[in-house]
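**Student:**
Number of protein chains: 2
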Amino acid sequence: MGLTKTEIFTDKQNEIAQYAKVFGHPARVAILQYLFKLNACVCGDLVDEIGLAQPTISQHLKELKHLGLIKGNVEGTSVCYCIDADNWKKMKRVMSEFLDQDLDKKECC
Amino acid sequence: MGLTKTEIFTDKQNEIAQYAKVFGHPARVAILQYLFKLNACVCGDLVDEIGLAQPTISQHLKELKHLGLIKGNVEGTSVCYCIDADNWKKMKRVMSEFLDQDLDKKECC
DNA sequence: TTTATTAATCGTAATATTACAATAAATAGA
DNA sequence: TCTATTTATTGTAATATTACGATTAATAAA
Numbered sequence: 410m411g412l413t414k415t416e417i418f419t420d421k422q423n424e425i426a427q428y429a430k431v432f433g434h435p436a437r438v439a440i441l442q443y444l445f446k447l448n449a450c451v452c453g454d455l456v457d458e459i460g461l462a463q464p465t466i467s468q469h470l471k472e473l474k475h476l477g478l479i480k481g482n483v484e485g486t487s488v489c490y491c492i493d494a495d496n497w498k499k500m501k502r503v504m505s506e507f508l509d510q511d512l513d514k515k516e517c518c
Numbered sequence: 410m411g412l413t414k415t416e417i418f419t420d421k422q423n424e425i426a427q428y429a430k431v432f433g434h435p436a437r438v439a440i441l442q443y444l445f446k447l448n449a450c451v452c453g454d455l456v457d458e459i460g461l462a463q464p465t466i467s468q469h470l471k472e473l474k475h476l477g478l479i480k481g482n483v484e485g486t487s488v489c490y491c492i493d494a495d496n497w498k499k500m501k502r503v504m505s506e507f508l509d510q511d512l513d514k515k516e517c518c
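Chains as they are written, first to last, in our numbering: chain A, 410 to 518; chain B, 410 to 518.
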């Protein structure tokens with residue numbers, strides 16, 4: 410136990426859960442908000458900005474990169490991160506379909 | 410360690426993460442989708458529908474109820490669940506604000 | 001009152017996540 | 001080459017999550 414039974418769910422359900430999971434930590438939310446706010450690539454100031462240790466930030470960045478929501482570019486000794494616009498749009502389509510379900514006649518309790 | 414440092418993040422960031430976290434498991438996604446699909450209250454068939462043990466479903470329902478996304482109504486020996494439309498809308502506003510951030514001029518890598 | 005039905009709770013094992021110190025890797029500049 | 005700078009990786013402790021058997025609680029029906 411302790412492991413999610415992904416095989417009993419649909420691909421769509423697992424996809425939604427996977428996206429949601431990565432947003433399920435405030436540090437990753439903060440990283441993404443910062444990348445949006447700066448309107449440009451961010452090279453390294455995330456550790457100062459967020460206030461977590463460098464390996465922790467690096468770990469969170471890895472998860473965001475793994476889902477394709479951000480991309481990194483090596484620039485000298487530092488690495489530049491930014492939102493991957495195409496994949497962000499893909500994610501939005503998946504999440505919107507889930508969040509925007511019709512609420513009519515839903516409440517009967 | 411192992412515990413999220415919520416205190417270093419804004420209320421908004423923690424709120425987004427909390428909503429996302431509850432969507433971060435396919436069983437909870439499946440439960441919500443089923444409640445939407447039925448267009449009515451669901452009294453108990455979630456265990457058969459989803460395919461997880463009854464205590465597991467009950468645990469997931471508890472988390473959804475705790476965030477206010479669903480509500481339950483006792484009906485005889487069974488309990489009737491449905492989406493809480495008002496709170497679902499509140500959640501959607503919070504998540505949309507986060508997901509719908511402006512993507513212009515974001516990519517430079 | 002007894003029995004059946006349904007859902008919640010408790011306890012717990014297996015696994016996952018979070019955070020960070022220590023270290024490694026990679027590159028720039030002296 | 002040596003040193004500084006920056007990021008990734010490794011290892012690990014603390015905590016959280018997931019799943020379910022066993023049990024309890026609550027109500028309905030016999």
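Built from N, CA and C at the ideal position, the CB exists for glycine as well.
Helix or strand or just coil, what does DSSP make of B/K480?
**Tutor:** For B/K480, the three-state secondary structure derived from DSSP is strand.
**Student:** Looking at C-alpha atoms only, which residue of A/K498, A/L461, A/H475 and A/I479 is the closest neighbour of A/V451?
**Tutor:** Nearest to A/V451 by C-alpha distance, out of A/K498, A/L461, A/H475 and A/I479, is A/I479.
**Student:** Within 8 Å (strictly less), CB to CB, does A/V438 reach chain B?
**Tutor:** yes
**Student:** With a Cβ-Cβ cutoff of 8 Å, do B/A436 and B/L461 count as a contact?
**Tutor:** Result yes, Cβ atoms of B/A436 and B/L461 sit closer than 8 Å.
**Student:** Check each residue of the segment 444-464 of chain B: if its Cβ is closer than 8 Å to any Cβ of chain A, include it; give the result in chain order.
**Tutor:** Correct list: L444, F445, N448, A449, C450, I459, G460 and L461.
**Student:** Under the rule that 16 or more other beta-carbon atoms within 10 Å means buried, what is A/G485, buried or exposed?
**Tutor:** That one is exposed.
**Student:** Any residues in the segment 497-514 of chain A with a beta carbon nearer than 9 Å to a beta carbon of chain B? Which ones, in chain order?
**Tutor:** W497, K498, M500, K501, M504, S505, F507, L508, D509, Q510, D511, L512, D513 and K514
**Student:** Measure the beta-carbon distance from B/I466 to B/L473 and round it to whole angstroms, keeping in mind my assumption that it falls under 8 Å.
**Tutor:** Not confirmed; about 11 Å, so no contact.
**Student:** For A/Y490, list the residues DSSP reports as bridge partners.
**Tutor:** A/V451 and A/G481
**Student:** At 7 Å on the CB atoms, spell out the chain A contacts of B/H434, in chain order.
**Tutor:** T413 and A426
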